[in-house]
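Chains as they are written, first to last, in our numbering: chain A, 2 to 137; chain B, 2 to 137.
2 protein chains.
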Amino acid sequence: MLSKKTKYGLKALTYLAVKEQNVPVQIAEIAKNENISQKFLESILLDLRKTGFLGSKKGKGGGYYLIKRPGDILMTDVMRVLEGPIAMVPCVSLNFYEKCTDCPDEVTCSVNRLMLQVRDANLEVYRNNTLADILV
Amino acid sequence: MLSKKTKYGLKALTYLAVKEQNVPVQIAEIAKNENISQKFLESILLDLRKTGFLGSKKGKGGGYYLIKRPGDILMTDVMRVLEGPIAMVPCVSLNFYEKCTDCPDEVTCSVNRLMLQVRDANLEVYRNNTLADILV
DNA sequence: TGAAAATCCTATTAAATCGATAGGGTATAG
DNA sequence: CTATACCCTATCGATTTAATAGGATTTTCA
């Protein structure tokens, strides 16, 4: 299942993508328009700012805005920040590799074999989509 | 993340696949060889039996065995039983469709748009793999 | 016929995760 | 200097997951 964090994060990013770049939009506005708990969204946007997707501005007239153009924001990067590793098991993860403790040999593991294909298929999708591509 | 249930279930299926068909293998043997909690595996195999993948035999010399040939067991079916829906959001699910309560329109939803592609990519993988294909 | 073997079944538990909330701190515009 | 809006940490309740417990049922076979 896709986490609500990821869902909300994606919705917020697309909301900002159709706005003027570098013009701050307030959390409250996004939350209201996208039916998201404001406090929860707050923490998600904070995350997206710390990871370099968003800029922010405090005080009156403040808010969040996209730092890069939608066409330059890859879904691979967004998904890794919001949802975590793209691989379904650590032993096939590119960025978060870990050996299985229970499994003696990855080469002869059927789970590994299947999940490698799944990882590649998902990567292909995320690499072929920027934020601009999923706008209406 | 792939659940342990799915991981263990897949390992058990492949274990049975390399054995003679219709010859029962005991839970204890599979659990020991694949480093799986026996009791947990018990409930998983029970599930796989109820959903038509395995047959069972009680008493001495009993155990579980594959009902179909590995080449006839599609990963789409296995994954749906063990892991649940293949889609990451219900609004793009083929077998478990549900409308989002928060989202006014699927057609203009960026999450929907992205997750449709992800679903199709995953389906493609699972449809192209039978149990026979992921054996060593 | 009875004891051992093995699956069947339900309930419970411990830990982790998730989604949401609380409550104040900090910077900035005007 | 005050209102605004982001910043930050902590906590909570619900759900899910992985594992365990404990016995019921069926079958084999001596």
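Using N, Cα and C, we set each Cβ at its ideal position, and we do this for glycine too.
Query: Find the residues of chain A that neighbour residue 6 of chain B, judging by a C-beta separation of less than 9 Å, and give them in chain order.; Result: What residue 6 of chain B touches in chain A: nothing, since even the nearest Cβ is about 12 Å away.
Query: Just verifying my parser: in three-state terms, what is the DSSP assignment at residue 98 of chain A?; Result: coil
Query: Mind pulling the beta strand (DSSP E) runs of 3 or more residues that sit fully within the segment 45-133 of chain A?; Result: 55-58 and 64-67
Query: So with CB distances below 8 Å, who are the chain B contacts of residue 3 of chain A?; Result: 89, 90, 112 and 116
Query: Along the chain, where does the alpha helix (DSSP H) that runs through residue 6 of chain A open and close?; Result: 5-18
Query: Using a Cβ-Cβ cut-off of less than 7 Å, give me the residues of the segment 72-102 of chain B that come near chain A, in sequence order.; Result: 76, 89 and 90
Query: Excluding the five sequence neighbours on either side, which residues of its own chain have a C-beta within less than 6 Å of the C-beta of residue 76 of chain A, listed in chain order?; Result: 127 and 130
Query: What's the call for residue 64 of chain B, buried or exposed, on a 16-neighbour Cβ count within 10 Å?; Result: buried
Query: When the Cα atoms are used, what is the spatial distance from residue 87 of chain A to residue 60 of chain B?; Result: 44 Å
Query: What are the residues of the segment 16-50 of chain A that lie near chain B, defined by any Cβ-Cβ distance shorter than 8 Å?; Result: 35, 36 and 37
Query: Apart from the five residues on each side of it in sequence, which residues of its chain come closer than 7 Å, Cβ to Cβ, to residue 4 of chain B?; Result: 84
Query: When you compare only the Cα positions, how much space is there between residue 1 of chain A and residue 66 of chain A?; Result: Nothing can be reported for residue 1 of chain A, as the shown portion of chain A is limited to 2 through 137.
Query: Which same chain residues, not among the five before or five after residue 62 of chain B, have their C-beta less than 8 Å away from its C-beta?; Result: 25
Query: Name the chain B residues whose beta carbon is nearer than 7 Å to that of residue 136 of chain A?; Result: 111
Query: Figure out for me which residue from B:17, B:23 and B:22 has the closest Cα to the Cα of residue 30 of chain B.; Result: B:17
Query: Quick one: is residue 133 of chain A near chain B, going by C-beta distance under 7 Å?; Result: no
Query: If you draw a straight line from the alpha carbon of residue 11 of chain B to that of residue 58 of chain A, how long is it in whole angstroms?; Result: 50 Å
Query: If I'm right that residue 93 of chain A touches residue 49 of chain A with Cβ under 8 Å, what's the distance once you round it to whole angstroms?; Result: Going by Cβ atoms, the distance from residue 93 of chain A to residue 49 of chain A rounds to 26 Å, so no, they are not a contact pair.
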